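Enquirer: Quick one: structure below, then a few questions.
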Amino acid sequence: MARIRLGMVGGGTDAFIGGVHRIASRIDDRFELVAGALSSNPEKARKSGEALGLAPDRNYGSFEEMAEGEAGRDDGIEAVSIVTPNHVHFPAAQAFLSRGIHVICDKPLTATGEDAASMEAAVRDSSALFILTHNYTGYPMVRQARQMVAAGDLGELRVVQVEYPQDWMTDPVETQGVKQAEWRTDPERSGAGGAVGDIGTHAFNLATFVTGLKGASLAADLHSFGPGRALDDNAHVMLRFDGGARGMLWCSQVAPGCENGLRLRVFGAKGALEWAQENPNELWFTPHGEATRRITRMGAAASDAANAVSRIPPGHPEGYLEAFANIYTAAADAIRAVQDGASRDEVMGVLPGIGAGMEGMAFIRACVASSKDDAAWVTL
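Take 0 as the starting number for the sequence shown in numbering that gives the first Met the number 0 and just add one per residue.
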């Protein structure tokens, strides 16, 4: 199958997430990067493109130039990855969606509620797909957990606990030249949520993806421990789900000793599941009244859902890049299916799309509103 011609907005050579997206797009050999506007600084964009070997006439100084230029080519890009700070997501996506170019966008959806509503309209009015890279949904054991919950192995769900602690912002790194911290602590570029928008949305998405539950309301305590920091760096959130289940979510970027501690626990009337991102090839299942069982990726108890997104033999760990690649490979399948005449709705499967993006924005908005009202309960 011919590779999908891919462009990229943002993600220059010094940007971590740009490299992640490029690697993920190539793991299963489904995409080829042929064009880019790799920085908001035109000079830096072109230097980054040169370093990646882009042809001079497809190495653009802005996403506006790129959208217009690529739409006018017979061999123009078929899809674009948007890996910029949050405030650029909507204008960049709109430029490509309006030209029928498929969009693969980093999360959260946008920086503001107004942009989110506009993004939803732009997706609705376009013929192209919109895919949001909630990459943790791509892990085999996360797919296993989702299938087990759906099959009723846990019975009626009662309690969901999810946490995502990091420590990289314990010091005021935004004042020390750390670019990733600079924009994440700037409300103009990041939006109203700090840690709750950056990693809290990942935690909330993981909880709802695995359980299938919809958030009903929440009470949130957002706080900034960093001196002078405008956005939250720690959040405690109590959750109520449709159907009566209760939940707790903690996210923090000021927790020393925590690197990337995304962890999910789900408790039901018949049993419980536990998964941790830092040891992603194991899922722990405890049927009520029985010994805890360890399920491994491609092991004897692995489900079809887990095996479908595994690549290498048992005992060889798969991790972050492979999970990200599962999103890209599913995106490639969806793009080719749409090009062959399938409808957008029928090709998305479990891929996160505009719906997941809007749920994430509602989560951020509710957390901010609740915290401002002394952690009052707010409807999602």
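Virtual Cβ for every residue (Gly too), placed ideally from N, Cα, C.
The structure displayed is predicted, hence computed values, not measured ones.
Opposite G246 in the DSSP bridges: which residues?
Expert: As a working note, residue 246 is residue 247 in the sequence shown. Answer by DSSP bridge pairing, in chain order: V159 and L238.
Enquirer: Under the assumption that G267 contacts G154 (Cβ atoms under 8 Å), give the Cβ distance between them as a whole number of angstroms.
Expert: Numbered from 1 along the sequence shown, position 268 holds the residue referred to as residue 267. Numbered from 1 along the sequence shown, position 155 holds the residue referred to as residue 154. Indeed they touch by this definition, with Cβ atoms about 4 Å apart.
Enquirer: If you check the beta carbons only, do D166 and E258 fall under 8 Å apart?
Expert: The count along the sequence shown starts at 1 and reaches residue 166 at position 167. The count along the sequence shown starts at 1 and reaches residue 258 at position 259. Yes, they are a contact pair.
Enquirer: Distance, Cα to Cα, P164 vs D197?
Expert: Residue 164 sits at position 165 when you count from the first residue of the sequence shown. Residue 197 sits at position 198 when you count from the first residue of the sequence shown. Distance between the alpha carbons of P164 and D197 is about 11 Å.
Enquirer: Taking one C-beta from the segment 317 to 328 and one from the segment 134 to 144 each time, how about it: are there three or more such pairs within less than 8 Å?
Expert: Yes, the segment 317 to 328 is in contact with the segment 134 to 144.
Enquirer: Could you pull out every unbroken alpha helix (DSSP H) segment of at least 4 residues lying fully inside the segment 158 to 238, listed in chain order?
Expert: Segments of the alpha helix (DSSP H) lying fully in the segment 158 to 238: 178 to 183, 186 to 189 and 200 to 210.
Enquirer: Suppose you measure from the CA of C250 to the CA of R25; what does that come to, to the nearest Å?
Expert: The residue given as residue 250 occupies position 251 in the sequence shown. The residue given as residue 25 occupies position 26 in the sequence shown. Looking at the two C-alpha atoms, the distance is approximately 31 Å.
Enquirer: Any contact of the segment 225 to 233 with the segment 200 to 207, i.e. 3+ C-beta pairs under 8 Å?
Expert: Judged by Cβ distances under 8 Å, the segment 225 to 233 makes no contact with the segment 200 to 207, as fewer than three pairs qualify.
Enquirer: When the Cα atoms are used, what is the spatial distance from S302 to Q146?
Expert: On the sequence shown, position 303 is the one that residue 302 refers to. On the sequence shown, position 147 is the one that residue 146 refers to. Near 8 Å, if we compare the C-alpha coordinates of Q146 and S302.
Enquirer: The beta strand (DSSP E) with R285 in it runs from where to where?
Expert: Mapped onto the sequence shown, residue 285 falls at position 286. Residue identity check: residue 285 is Thr in the sequence provided, not Arg. First-last of the beta strand (DSSP E) with T285: E281 to P286.
Enquirer: Alpha carbon to alpha carbon, how far is Q252 from R262?
Expert: Looking up residue 252 in the sequence shown gives position 253. Looking up residue 262 in the sequence shown gives position 263. Computed Cα separation, rounded: 15 Å.
Enquirer: Report the CB separation of W182 from P84 in whole angstroms; it is logged as a contact under 8 Å.
Expert: If you number the sequence shown from 1, residue 182 lands on position 183. If you number the sequence shown from 1, residue 84 lands on position 85. That belief holds up - the Cβ atoms of W182 and P84 are roughly 4 Å apart, short of 8 Å.
Enquirer: How long is the line joining the alpha carbons of G17 and S61, rounded to whole angstroms?
Expert: Sequence index remark: in the sequence shown, residue 17 carries index 18 (1-based). Sequence index remark: in the sequence shown, residue 61 carries index 62 (1-based). Cα to Cα, the separation comes out at about 16 Å.
Enquirer: Is DSSP giving L128 helix, strand or coil here?
Expert: Here the question's residue 128 lines up with position 129 in the sequence shown. Correct three-state label for L128: coil.
Enquirer: Give the single residue among V79, A218 and A322 whose Cα lies nearest to the Cα of T378.
Expert: Translated into positions along the sequence shown, residue 378 becomes position 379. Minimum Cα distance to T378 is reached at A218.
Enquirer: Going by beta carbon distance, what residues of the same chain come within less than 6 Å of A300, once the five residues before and after it are set aside?
Expert: For the purposes of this step, residue 300 is identified with residue 301 of the sequence shown, where counting begins at 1. If we look at A300 and ignore the five residues flanking it on each side, its Cβ neighbours are I294.
Enquirer: Could you tell me which whole alpha helix (DSSP H) segments of length 4 or greater appear in the segment 299 to 343?
Expert: Those alpha helix (DSSP H) runs which fall completely within the segment 299 to 343 and span 4+ residues are 303 to 306 and 319 to 338.
Enquirer: Look at the alpha carbon of K381 and the alpha carbon of G298, and state the distance between them as a whole number of angstroms.
Expert: Limits of the chain in this structure are 0 at one end and 379 at the other, which puts residue 381 out of reach.
Enquirer: Could you pull out every residue in the same chain whose Cβ sits closer than 7 Å to the Cβ of H222, ignoring the five residues on either side in sequence?
Expert: Locating residue 222 in the sequence shown gives position 223, counting from the first residue. The residues are D231 and N233.
Enquirer: Let me check one thing: in DSSP terms, what residues is M7 bridge-paired to?
Expert: Residue numbering aside, residue 7 sits at position 8 when the sequence shown is read from its first letter. G35 and S80, per the DSSP bridge assignment.
Enquirer: Out of curiosity, what's the CA-to-CA distance linking K178 and L350?
Expert: The sequence position of residue 178 within the sequence shown is 179, counting from 1. The sequence position of residue 350 within the sequence shown is 351, counting from 1. Cα to Cα, K178 sits roughly 30 Å from L350.
Enquirer: Give me the Cα-Cα distance between E321 and I22, rounded to the nearest whole angstrom.
Expert: Residue numbering aside, residue 321 sits at position 322 when the sequence shown is read from its first letter. Residue numbering aside, residue 22 sits at position 23 when the sequence shown is read from its first letter. Cα to Cα, the separation comes out at about 9 Å.
Enquirer: What would DSSP say about L96, mapped onto helix, strand or coil?
Expert: Translated into positions along the sequence shown, residue 96 becomes position 97. Here L96 sits in helix by DSSP.
Enquirer: Whole angstroms is fine: what's the gap from H101's alpha carbon to V82's?
Expert: Position 102 of the sequence shown, counting from 1, holds the residue named residue 101. Position 83 of the sequence shown, counting from 1, holds the residue named residue 82. Going from the Cα of H101 to the Cα of V82 covers about 14 Å.
Enquirer: Can you tell me whether A66 is helix, strand or coil according to DSSP?
Expert: Counting from 1 along the sequence shown, the entry for residue 66 is found at position 67. Helix.
Enquirer: Quick test of your reading: R72 and F30, contact by CB under 8 Å. State the CB separation rounded to the nearest angstrom.
Expert: Counting from 1 along the sequence shown, the entry for residue 72 is found at position 73. Counting from 1 along the sequence shown, the entry for residue 30 is found at position 31. Contact flag wrong, Cβ pair sits at about 17 Å.
Enquirer: Please report the straight-line C-alpha distance between V158 and V265, rounded to a whole angstrom.
Expert: In the sequence shown, the residue the question calls residue 158 occupies position 159. In the sequence shown, the residue the question calls residue 265 occupies position 266. Cα to Cα, V158 sits roughly 6 Å from V265.
Enquirer: R4: which of V79, E42, D56 and S38 sits nearest, CA to CA?
Expert: Position 5 of the sequence shown, counted from the first residue, corresponds to residue 4. Cα-wise, what sits closest to R4 is V79.
Enquirer: Measuring CB to CB, does I76 end up less than 8 Å from A330?
Expert: Start at 1 with the first residue of the sequence shown, and residue 76 comes out as number 77. Start at 1 with the first residue of the sequence shown, and residue 330 comes out as number 331. Not in contact: I76 and A330 (Cβ atoms no closer than 8 Å).
Enquirer: Give me the DSSP bridge partner(s) of W274.
Expert: In the sequence shown, the residue the question calls residue 274 occupies position 275. Note: W274 sits in a beta bridge opposite L263.
Enquirer: Spatial neighbours of A375 within its chain, please: CB distance less than 7 Å, with the 5 preceding and 5 following residues excluded, ordered by chain position.
Expert: Counting from one through the sequence shown, the residue named residue 375 turns up at place 376. Only A218 and S369 meet the Cβ criterion.
Enquirer: Taking only the alpha-carbon atoms, compute the straight-line gap between S38 and G11 and give it to the nearest angstrom.
Expert: Looking up residue 38 in the sequence shown gives position 39. Looking up residue 11 in the sequence shown gives position 12. Roughly 6 Å between the two C-alpha positions.
Enquirer: Can you check DSSP and say which residues form a bridge with C104?
Expert: For the purposes of this step, residue 104 is taken as residue 105 along the sequence shown, with counting starting at 1. Answer is I81 and L131.
Enquirer: Out of R57, Q143, K371 and G314, which has the shortest C-alpha to C-alpha gap to W283?
Expert: Here residue 283 corresponds to residue number 284 of the sequence shown, with the count starting at 1. The candidate whose alpha carbon is nearest that of W283 is Q143.
Enquirer: Quick check on R72: does DSSP put it in helix, strand or coil?
Expert: Here residue 72 corresponds to residue number 73 of the sequence shown, with the count starting at 1. R72 falls in the coil class under three-state DSSP.
Enquirer: My understanding is that I353 touches E119, with C-beta atoms under 8 Å, so please give their C-beta distance in whole angstroms.
Expert: What you label residue 353 is simply residue 354 of the sequence shown in a count that begins at 1. What you label residue 119 is simply residue 120 of the sequence shown in a count that begins at 1. I353 to E119, Cβ: 6 Å. Contact.
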